[in-house]
Ligand code: NAD
């Protein structure tokens, strides 16, 4: 299999300077899907130097915003032109289904279009009333500078695009670092940026490990901003590495997301079906490897048995297999390590007293499910409580835990009983109650009678240890800008503060 020269530095694709490579593994059968360059700290330095030159001396930061936005729209068009190729690469790289890969490409296209429209529609500056006719005061936005954009493996194209689109709209240059597990669609995206006409050096790519490559970017004195999406442990390391140079830091970290179901949501057959179906989707889409996965089902005691029985039965019917195969609803986990973590979480929960209602093991091999693949059956763990590790830690696998409540206050207390605060949902037929509970949830996104949808025009991000900063929405563009106040004295005169 040919090696992909996957480092893009100053407009040139190249191998790693030390000649190192890394195999990218197909999670459906553990074979090698591709081999890419494995960068080291010297490659990270070269990429930062290119981005620095492009920012300090290149045309991009000074390019009129309308032209920058036109480029973003061209990228959106190219993403749609190559939709199948990119969706296939994402599916094979991450294990997610092809249908999910297509959704990702469409969502990314929407994000590029959204940021183009947002940046294009904004006034150049905000005139401030200085309280004097002799003063003209205006606040303008400028790009931050060189951005390091570090992304995880569960939504490789999507997460990096939520950073790249606003960074470019604002006039920054950047170095992207995808997860070492899933670099392929970021390579494809970078080719599209060049095809759309982005000047050399504006977009740079280094493929390699978190440490040393991501760590070098986070610590680098010539990097002005680091935007990181990943786990809590790596995120705190990144923040610490960035602190000495006082760069801007945005962290999008993990979640431990409650899905609160009131009995009244299940009072009718349709309501019951919708609530169970949404709980299934919340927990098991992309095998639960979703930062906002509804992995904590918090259900009212009076409907627990009926609800969990149906949820477990439906979980057992989810069709597992290679993400590109017809009829498959869920792919494998991304890696052997993620599979081992999932097995350990389930074993620990059972040892602590959880009751297995479905799954709890690797599935038997099948035609679309080869023995070498990292498959794990969707798992429902009943009888859980907050003393268990499985309730406190992010699981990031196909596991849903069940807790129960009797009162609204109890439901809210359970839902907020986490150090994270990324997302959560409430299901209720009582609109007033649903909104009341939603208002009390300390999470960055709250769904009412739904789970998972998000909008490019609405901010995404976490409370608590789910992170700092926001992606998407106007705040997602603001992350990549500095505000500058320009105060102009229209009648220059001595101040006479000093008499001498
Ligand atoms: P991870 O933290 O292991 O890795 C994320 C990225 O950081 C990778 O590119 C990795 O190489 C890099 N990295 C690792 N250590 C680093 C270091 N010391 N310095 C700099 N970079 C480093 O996370 P992951 O396993 O790839 O992704 C899963 C995690 O991402 C989950 O916790 C999930 O909740 C989170 N996530 C959050 C969001 C969100 O929007 N909040 C979205 C997707 C994923």
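Residue numbers (the working numbering): 2 to 501.
We put the beta carbon where it would ideally sit given N, CA and C, even for glycine.
Go to residue i, then tell me how far its alpha helix (DSSP H) extends in each direction, as first and last residue.
i           : result
residue 196 : 185 to 196
residue 58  : 42 to 58
residue 163 : 157 to 170
residue 240 : 233 to 243
residue 356 : It is not in any alpha helix (DSSP H) - residue 356 instead sits in the beta strand (DSSP E) that spans 356 to 359.
residue 36  : No alpha helix (DSSP H) contains residue 36, which is instead part of the beta strand (DSSP E) from 33 to 38.
residue 387 : Neither: residue 387 is in no alpha helix (DSSP H) and is coded neither H nor E.
residue 75  : 66 to 82
residue 326 : Premise fails: residue 326 is in no alpha helix (DSSP H) and is neither H nor E.
residue 334 : Neither: residue 334 is in no alpha helix (DSSP H) and is coded neither H nor E.
residue 1   : This structure cannot settle anything about residue 1, because the visible part of the chain is limited to 2 through 501.
residue 310 : 305 to 317
residue 120 : 99 to 122
residue 500 : Careful: residue 500 lies outside any alpha helix (DSSP H) and carries neither H nor E.
residue 218 : 216 to 220
Taking the Cβ atom as the reference point for each residue, do residue i and residue j lie within a distance shorter than 7 angstroms?
i           : j           : result
residue 116 : residue 150 : no
residue 425 : residue 416 : yes
residue 201 : residue 147 : no
residue 40  : residue 209 : yes
residue 60  : residue 375 : no
residue 423 : residue 267 : no
residue 198 : residue 72  : yes
residue 360 : residue 378 : yes
residue 483 : residue 470 : no
residue 82  : residue 106 : no
residue 332 : residue 98  : yes
residue 76  : residue 113 : yes
residue 459 : residue 474 : yes
residue 183 : residue 163 : no
residue 1   : residue 8   : Because residue 1 is not part of the residues shown, which for the chain are 2 to 501, the question remains open.
residue 220 : residue 254 : no
residue 349 : residue 390 : yes
residue 272 : residue 430 : yes
residue 177 : residue 161 : yes
residue 488 : residue 279 : no
residue 445 : residue 464 : yes
residue 355 : residue 382 : yes
residue 262 : residue 56  : no
residue 103 : residue 88  : yes
residue 455 : residue 448 : no
residue 179 : residue 152 : yes
Starting from residue i, trace the beta strand (DSSP E) in both directions and tell me its first and last residue.
i           : result
residue 180 : It is not in any beta strand (DSSP E) - residue 180 carries neither H nor E in the DSSP assignment.
residue 372 : Per DSSP, residue 372 belongs to no beta strand (DSSP E) and is neither H nor E.
residue 249 : 249 to 253
residue 24  : 22 to 26
residue 259 : 259 to 262
residue 441 : From DSSP, residue 441 is part of no beta strand (DSSP E) but of the alpha helix (DSSP H) over 432 to 441.
residue 127 : 126 to 129
From the DSSP output, which residues share a beta bridge with residue i?
i           : result
residue 10  : 13
residue 488 : 138
residue 400 : 380
residue 206 : 9 and 177
residue 448 : 426
residue 229 : 151 and 252
residue 297 : 259 and 402
residue 415 : Looking at the DSSP assignment, residue 415 forms no beta bridge with any residue, so it has no partner.
residue 461 : 472
residue 482 : 144
residue 4   : 36
Just confirm the distance between the C-beta atoms of residue i and residue j, as a whole number of angstroms; I'd bet it's less than 8 angstroms.
i           : j           : result
residue 138 : residue 131 : 4 angstroms
residue 299 : residue 404 : 5 angstroms
residue 22  : residue 49  : That belief does not hold up - the Cβ atoms of residue 22 and residue 49 are roughly 22 angstroms apart, past 8 angstroms.
residue 1   : residue 301 : Outside the shown range of the chain, which is 2 to 501, sits residue 1, and nothing can be said about it.
residue 16  : residue 94  : The pair is not a contact, with the Cβ atoms about 20 angstroms apart (cut-off 8 angstroms).
residue 344 : residue 256 : In fact, because the Cβ distance is near 21 angstroms, the residues do not count as touching under 8 angstroms.
residue 398 : residue 369 : Between residue 369 and residue 398 the Cβ distance is about 20 angstroms, and since that is not below 8 angstroms, they are no contact.
residue 367 : residue 31  : In fact, because the Cβ distance is near 16 angstroms, the residues do not count as touching under 8 angstroms.
residue 141 : residue 125 : 7 angstroms
residue 191 : residue 169 : Residue 191 to residue 169, Cβ: 12 angstroms. No contact.
residue 251 : residue 228 : 4 angstroms
residue 246 : residue 216 : That pair is no contact at about 13 angstroms.
residue 35  : residue 194 : Contact doesn't hold; Cβ gap of about 20 angstroms is too wide.
Counting only beta-carbon atoms, is residue i nearer than 7 angstroms to chain B?
i           : result
residue 389 : Considering every chain present, this structure includes no chain B. It has just one protein chain.
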